[in-house]
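Worksheet: one structure, shown below.
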Amino acid sequence: PVPQVAYFSVGTDGLIRWADARTASLLGYRMRELEGRVVFDLCADTVGGRVRALELFRRF
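So the number in the numbering used here is just where the residue sits in the sequence shown, counting from 1, plus 954.
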């Protein structure tokens, strides 16, 4: 089977700039609903989710 891959782009401000149809489908949104959202709002509100995502994002 072919792996199902989702792609999206996030700006340095943490906003989603672009998301493909697979990303939208996996997250339960339409593509246009994802653009402009804060990517961290889509992470689980846990130490291993949002907190970890913020730590990793700050490195870049």
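Built from N, CA and C at the ideal position, the CB exists for glycine as well.
Contacting residues, own chain, Cβ-Cβ under 6 Å from residue 965 (five flanking each side not counted):
In the sequence shown, residue 965 corresponds to position 11, counting from 1. Closer than 6 Å at Cβ, skipping near neighbours: 971.
Please state whether DSSP places residue 971 in a helix, a strand or coil.
Along the sequence shown, read from residue 1 onward, the residue named residue 971 stands at position 17. In this structure, residue 971 counts as strand in the three-state DSSP scheme.
What residue does the alpha helix (DSSP H) around residue 1014 start on, and which one ends it?
Here residue 1014 is taken as the residue at index 60 of the sequence shown, counted from 1. Per DSSP, residue 1014 belongs to no alpha helix (DSSP H) and is neither H nor E.
Between residue 1011 and residue 968, which are expected to be in contact by the criterion C-beta below 8 Å, what is the C-beta distance as a whole number of angstroms?
Translated into positions along the sequence shown, residue 1011 becomes position 57. Translated into positions along the sequence shown, residue 968 becomes position 14. Contact holds; Cβ gap of about 7 Å.
Could you give the DSSP three-state label for residue 964: helix, strand or coil?
The sequence position of residue 964 within the sequence shown is 10, counting from 1. Looking at residue 964 - three-state DSSP - the assignment turns out to be strand.
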